[in-house]
Structure formats: C-alpha cells, structure tokens
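Below you'll find the structure, written out as structure tokens, and then a few comments.
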Amino acid sequence: MVQMYAETHKANGISTPIWTHNPHAPRHSQRQSHRHLTFFSLSPITMSAPAEAVPETAQTASPITRLPDPLLRLIFRDVTQVYPSGRDYPNYNYPSGPQSQSQLGWVALTHTCRRLRSVALDAESASFWGSSVCALPKALPVFLERARDAPLSILIEPNDWGRWESTPQDLLDLVTRHAPRLERICVVLPSSEADATTRAENCAIFHAALIDALSGKDLPLLKHIDLSYAPYASASPAPLSTSTAFTAPKLVSLRLSQQRISADTLYDILRSSPELQSLSIDWHPSDSPSLICLPLANAGAPLHMPNLTDLSLSAHDFPSVLAVWKLFITHRDVRASFHAQTNDARDFQSALTALSPLFYRAGLHSLALSTTSDTFTFRMLSKRPSAHSPSLSVTTTRASGSTTTPSDLLDAFLRFIDSSWLDTLHLDVVNLSPSALSILSSFDTIVELSTPFSSRSVLAQLAISVQDEDEDPIFPSMGTLTLTDRDEDGEGTEKWGVAGLFLKGRAKQGAEVDCVRLTGRKERRVMGMADGKSLEDVDRLGMEVVRGLVSEVVDERVD
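Residue numbering for the sequence shown follows the numbering used here, beginning at 5 and increasing consecutively.
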C-alpha cells in the first residue's frame, strides 16, 4: 500500500495540493470502501505561506474526489514504474497464509475506491494497460480490453517465463491479431546449465515461432525488438518456417540472439527501418555459415542508416561478420562490436584492414588489450567514455584445430596499429612475446599504462623487462601507472613487491613514473595474515614504499 500526503500552499491565490509518497503507510482492508480515505490521507505540512481555511462542507468530502484526473494519471504512471504487475509483492490484506503474495502491483490501486478505478479505466489511461498487457497471463483478455486501442508491449523477462510456459500460444495469438498495435517486443528467456534440456528447447522454439508470427506483417508502431536469452542460449536455435521480412518503419532497436534469421532477411527488414539506432545480431557459430551465404543474394546498395550508433555482430568467422557490416553506412561515431572465430593470422589481418576506418576516429585515444587461453580482444575507447562517444571492440576466438594462438594475434595487431594516435594503454594479457615487448617499446605517445594489480599479471613481466638499465624503457613517455586491484586472496605482499620492482626499474632507466592510481577493490580478508602481518598492515606498508618512488599516489579503491 502507499499513502499520499498533501501539502497546501498558495500560488496566485489558489490552494494547491502536492502529493508525496509514504512507503510506511498503515495497512487497510480493501473491503472498506469509504474508509480507504485514510489510504489517501491529508496530513498538513507547515509551509512558509499560511494555508487557506478549508470549508466545513469540504472537510467531510473524500480527499481523493478533489484531485483532478490528470494528477491521478501521473500517480498511476509513477506507480506502474515502481510496482509493475506480474512481480511478487506482500499482500497486506492477507499477511499470512496462501494469499500472502500478490502480483497485482500497480493494479491494486484500482481496487481501492471508485474514484481511482474510474480514472484507471477511462480512455486516457488505456496506455497503462497496453504497456502491461502480458503481466498476468490469466488476465490477458481483461488487460487487452482495458487497453482499448492503445499501443501494446510484450515484455517477458526470464522470471516471467514460468507463467507463460504452458500457454505460449496466447502470446503468439496476441502478436498475430494485434500486430499493427505492437510498440515493443522484449522476450528475454531463461537459459542456464541448470535448466532442463526440454525447457531450453521450448524457449528456442518459442523465439522462432515469434519471429514467424511477425513475418510479413506491417508493424507501423513497433520501435523495439529484443529476442535473447539470459545469460546465454543453452539449446540450439530452432529453425524458422519462413524467410519473409516484416516492415517496421519506426524501429529504433533490434536485438536477435541465437536466431536462425538469414543475412538476406535481415537486410530486407532493415531496408524499411531508416530510424534504427541500435542493432545487435548474434548468430550461433554452427548456423551462421548457412545463414550468411556469401555473396548475399538480396543485398543491394549499402543501407544509409545515419542514426545507427550502436552495432554488435557475432558470427562464425570474420568474412561473414564483415559482409554484414558492409550492408550499412552507419553514424560516424558508431559504437561497434564484432566477435568471430579465427583460423589463422591471415584472416585476422584481413579483418584489421577492413575495419581500419573505424580505428582512427576523433576521440579514440585509449586502447585496451586482453588475452585468455582462447581469445584475444582489443577495444578502442575515448579517454572518458560516454553514451555518445565512439568505440570499437573486436573479440576473436581461436577456432577448433587452429594453431594460431591469441598471443600470435596480439603480435599481429601490434604490428598493424598506428600507435601515434594513442595516449592510454590497458594491458590485461596472459603473456607478452619478445616481439610484442619490442613493438611496445616504440609506443612513445603512451602517457598512462593500466594493468591488473597482481603478481600474476603482465605487470610482473613488465617489471622484469625494465631491470636492464642499458635497454630503452618501454613506454618512454609514460607518467601515470594505473593498477586495478581485483581482490585476489594472498596477493598482498607479492603484488606490492612487483609494483615496487617495476617503479624502481623505470627509475634506473631514467623514465620515472610520476603518479600511481589504485582502482578496483581492496582485499577483503582484512583479518587474514600475510607474512605474519595483517592485510591492512601489508597494504599500508606497500603504500609507503610506492609513495617513496613516485610524486603522487591516488587510492580510489573501494573496500
């Protein structure tokens, strides 16, 4: 329950009630119709201006009757966002027992009094019902009726699927019968290793059936489509029964994860969606060879999409990813992300050449490099990333049977990139080859280096590499070292020792570091012991050593 308090103040000689929310309102029975006046109780709050006297006749009237309809709709709008239907909430009318939970959410307000109910059911409130039409499966016909002609949103989150799993046809019928009214379709289905195989397959089948239901439809109001999984698809995608595209001229965002939609069908869909701003297509590696047949049969001239600022493509190999990317002419500052498998360094080199126009864009002065045993990722970012700044992220996974390692790809990338654009480098790699170390020594525009704060990270390798005073220093212009603490147990003494070794080696080479920034999380085992000292003591002593080697230490770590 919520309770509204009214402040009365004068504005141009008119007393105006201002309503605020009190989460600690008393619980009342919904069966007490008029006694629900306490639900919206008037509690005067002292204001700087004196309140007008309330006529005696007005003192006996329900406060709710004096509120204008637009204000009540604002209340409904806010409550629909805070208390969406379909979630489990305490049922204050039955604090214990089988009805102790309620899924009504904001709809409970319509059960409190006639005044609220009449406003909730009028034509101007239809949008509330349209945006919640799928909240309660058994109430779908009721919500649909109350939505009148308002736009409809199909919003299914992973925790919602259990309520729809037995009646998915109701959702498909909704799409088929009311396609022109659809404004948002967001169906993120559950998937994890804990799910039964049959359930995961049912999720994949439903996604495919939903795409089939949209095929060939005119969707004049549709702005958002998201058919994906949380966190990933645990079953193979289901086949589609048709390749006919739908038409959605107002489409703003499209996300399809692990769906068997062909690149040609995708091209036909986007040809009618010039306002698209965000596109994310993640093909299953085993499906994409048959879904991205090169050359693309239906693809004509590249689509001019000036509003497309977010692009993410994932497929089995880079030639396929690049073929789809070339279908669009995007916004210059697009935030692009690509993921593919790599068989050999030549494929990767060709991909770098094709993507090079995205490298050297204004603002992209920060480079992040990371490797694992099977993947290599590089990211080009703005120094201070924002929602509107450009970026590029490329992740390549070693294909099965490939002899090319992530370290080989890292070397190929370092030989390709023009480092003169860069001033910040983030290194989170397993190992740097002698060739990589040699190339990095020529990165003379890097002023800030960032690595994990660990004795098992690349920081240890860099610390060893700077011990030879006769060698040219790596990153000769570097003045700031940023260390990201990852809360790794047992790292206390070792990581501070590695940091000190690196800073001392730089000083011997005549390339002192001016500032050390510490970010991330401190070790949590503050009562643990390391070398006979508490971790708090180790941290304090390590900081003292570092402070003696640089001009400034900035500790931004959180506990």
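Built from N, CA and C at the ideal position, the CB exists for glycine as well. If you're wondering where the values come from, they're calculated on a predicted model, not measured in any experiment.
- Judged by DSSP in its simplified three-state form, Leu385 adopts strand.
- Taking every protein chain shown into account, the CB of Ala305 has fewer than 16 other CB atoms within 10 angstroms, so this residue is exposed.
- Val520 is bridged by DSSP to Leu485, Val557.
- Nearest to Leu418 by C-alpha distance, out of Ser390, Leu371, Ala213, is Leu371.
- In the same chain as Pro194, and ignoring 5 residues on each side of it, the C-beta atoms closer than 6 Å to its own belong to Pro162, Trp165, in chain order.
- Met482 is a Cβ neighbour of Ile450, given a cutoff of 8 Å.
- Per DSSP, the beta bridge partners of Cys190 are Leu159, Asp230.
- Judged by DSSP secondary structure, Gln345 falls within the beta strand (DSSP E) whose first and last residues are 339-346.
- The segment 542-557 makes contact with the segment 508-521, as at least three CB pairs between them are under 8 Å.
- Residue pairing by DSSP leaves Lys512 without any beta bridge partner.
- In the three-state DSSP reduction, Arg525 falls in the strand class (E or B).
- Leu186 is a Cβ neighbour of Leu226, given a cutoff of 8 Å.
- With fewer than 16 other CB atoms across the displayed protein chains lying within 10 angstroms of its CB, Leu298 is exposed.
- Within the same chain, and ignoring the five residues on either side of Thr248 in sequence, the residues whose Cβ sits closer than 6 Å to its Cβ are Ser219, Gly220.
- Cα atoms of Ser406 and Asp378: separation of roughly 10 Å, rounded to the nearest angstrom.
- The three-state secondary structure of Lys537, taken from DSSP, is strand.
- In this structure the segment 326-333 does not touch the segment 382-399; the number of beta carbon pairs closer than 8 Å is below three.
- A straight-line Cα-Cα distance of about 15 Å links His115 and Ser129.
- Short of 6 Å from the beta carbon of Phe342, and not among the five residues preceding or following it, lie these beta carbons of its own chain, in chain order: Leu317, Val325, Val398.
- Per DSSP, Glu475 lies in no alpha helix (DSSP H) and is assigned neither H nor E.
- The Cβ-Cβ distance between Arg259 and Asp230 falls below 8 Å.
- In the three-state scheme derived from DSSP, where H, G and I count as helix and E and B as strand, Arg118 is classed as helix.
- Per DSSP, the beta bridge partners of Glu452 are Thr428, Thr484.
- CA-to-CA, the gap between Leu487 and Ala416 works out to about 26 Å.
- Its chain contains Leu280, Gln281, Ser282, Leu283, Phe332, Thr334, His335, Val338 as the residues whose beta carbon lies nearer than 8 Å to that of Leu312, once the 5 sequence neighbours on both sides are disregarded; these appear in chain order.
- A distance below 8 Å between beta-carbons, with the five flanking residues on each side excluded, links His369 to the following residues of its chain, in chain order: Ser386, Lys387, Trp425, Leu426, Asp427, Thr428.
- Secondary structure note for Asp321: its beta strand (DSSP E) is the uninterrupted segment 314-321.
- With 16 or more neighbouring CB atoms inside 10 Å of its own CB, Glu452 falls in the buried class.
- Under DSSP, Arg259 shares a beta bridge with Asp230, Ser284.
- Straight-line spacing of the CA atoms in Val256 and Asp559 works out to 41 Å.
- Counting along the chain, the unbroken alpha helix (DSSP H) around Ala464 starts and ends at 462-469.
- When the alpha-carbon of Phe210 is set against those of Cys190, Thr401, Pro477, the nearest one is in Cys190.
- Classified as buried, Phe80 has 16 or more neighbouring CB atoms from the shown chains inside 10 Å of its CB.
- Here Leu178 carries a helix assignment [DSSP, helix/strand/coil].
- DSSP places Pro88 outside both helix and strand once states are collapsed to three, so it counts as coil.
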